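Worksheet: one structure, shown below.
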Amino acid sequence: MNATLLALALSLLSSVAYAAAAVAQERLASRNPGSGVLRMLSSGAWWGSVALNAAAALLHVVALKYGPLTVVQPLGALTLVAAVPLGARIAGRRVSATEWRGTAYTLAGLAAILVVASGSAPGKVLSTSEAVAVAAVTAALIGLLARPGARPGIRHASASGVASGVASALTQTVTVAATDRSESLLSVQVIGVALLVAAFAAGGLLLSQTAYRDGLGAPLAVVTLANPVAAAVIGLSLLGESLRGGAAGVLLALAGAGLAAWGVVLLTRMSPVPVDDDHPVAAVLALEPSTASVEPALREKRVPRQPEPGHLTPL
Numbered sequence: 028m029n030a031t032l033l034a035l036a037l038s039l040l041s042s043v044a045y046a047a048a049a050v051a052q053e054r055l056a057s058r059n060p061g062s063g064v065l066r067m068l069s070s071g072a073w074w075g076s077v078a079l080n081a082a083a084a085l086l087h088v089v090a091l092k093y094g095p096l097t098v099v100q101p102l103g104a105l106t107l108v109a110a111v112p113l114g115a116r117i118a119g120r121r122v123s124a125t126e127w128r129g130t131a132y133t134l135a136g137l138a139a140i141l142v143v144a145s146g147s148a149p150g151k152v153l154s155t156s157e158a159v160a161v162a163a164v165t166a167a168l169i170g171l172l173a174r175p176g177a178r179p180g181i182r183h184a185s186a187s188g189v190a191s192g193v194a195s196a197l198t199q200t201v202t203v204a205a206t207d208r209s210e211s212l213l214s215v216q217v218i219g220v221a222l223l224v225a226a227f228a229a230g231g232l233l234l235s236q237t238a239y240r241d242g243l244g245a246p247l248a249v250v251t252l253a254n255p256v257a258a259a260v261i262g263l264s265l266l267g268e269s270l271r272g273g274a275a276g277v278l279l280a281l282a283g284a285g286l287a288a289w290g291v292v293l294l295t296r297m298s299p300v301p302v303d304d305d306h307p308v309a310a311v312l313a314l315e316p317s318t319a320s321v322e323p324a325l326r327e328k329r330v331p332r333q334p335e336p337g338h339l340t341p342l
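Reminder that position 61 of the sequence shown reads as 88 in the numbering used here, one-by-one numbering, no gaps.
This is the structure:
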């Protein structure tokens, strides 16, 4: 099989696995809206979504081995294409026209941004001081986005995307430093940055779990959009990367960002449809005596009280 075709196939499988993990997280979050971190860690379904995310990440890494970054990285946006209809099918409903338009606009915008921003792998990596500075700024931004307030789903999704994007950028530093024969695998740079990668990756996963409580489409779109944006900011400001195409490339990137943002707006207008997982009879049987209501017609027709033994009732 051609190497590029193999990379395309692996990227498609990676996107499907990411989408399945997102749907599983959304279903788990909607069924247990008040569950904390400890309860999630004890849930087999949550660990199943973690396994799907790990498999998707591994497939993505293997795809990068066989295909160029300009081909593989934009295909990560296919997660949206797979997740929206998959989530709707599991919820027992049809994908609306607004969801289709929002998904299409988001994908088109992401494709424009990734095509312009993608290029050959940079030779420069983050130094230890730069990695620590990036981690500090990112942690402050995540804390600001994760604060209590209105629309936590979108804010947590933004924080999750930023955390994942920074983790990806730091992973490049770990990989280059670990494979450099002049550096030890147990050096401060490798171990320190690897710990930061693990922290941001885990934080991004937990933040995405809380983001999916408000539905799947919009939070997943925000995560998919914030991830490459965060990585691009680090690449442009610290790694010496530049947008391809000069002024035309900048205009295309801005147009793609606007189109993707409009797609996110369309997806945020869609409210999740509640799904009743219990059978109606089971729901009735589960009622507490104090919560069961009496029909008005039955309330008026009361059965006469039976006389006690030894007493006569008047005719």
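Glycine is no exception: its CB is placed at the ideal position from the N, C-alpha and C atoms.
Keep in mind it's a predicted model, so treat the numbers as computed, not measured.
- For the pair of segments examined, the region 115-134 was found not to touch the region 277-285: the number of CB pairs separated by less than 8 Å stays below three.
- The alpha carbon of A158 has as its nearest neighbour, out of V43, S264 and G273, the alpha carbon of S264.
- Between V99 and S38, the beta carbon gap of about 5 Å places them in contact (Cβ cut-off 8 Å).
- Collapsing the DSSP output to three states places S76 in a helix.
- In its chain, beyond the 5 residues on either side, A104 and A287 have a beta carbon closer than 6 Å to the beta carbon of L137.
- Boundaries of the alpha helix (DSSP H) around Y132: A124 to A144.
- In this structure, V250 keeps its C-beta atom at 9 Å or more from the C-beta atom of G129.
- Per DSSP, L168 is one residue of the alpha helix (DSSP H) stretching across T155 to L172.
- Non-local beta-carbon contacts of A82 in its own chain, meaning distances under 7 Å to residues more than five positions away in sequence, involve A44 in chain order.
- When only Cα atoms are considered, A225 and A51 end up about 22 Å apart.
- Assigned with DSSP and collapsed to three states, S269 falls in coil, not helix or strand.
- Looking only at G188, T237, A284 and L40, the smallest Cα-Cα distance to L79 is reached by L40.
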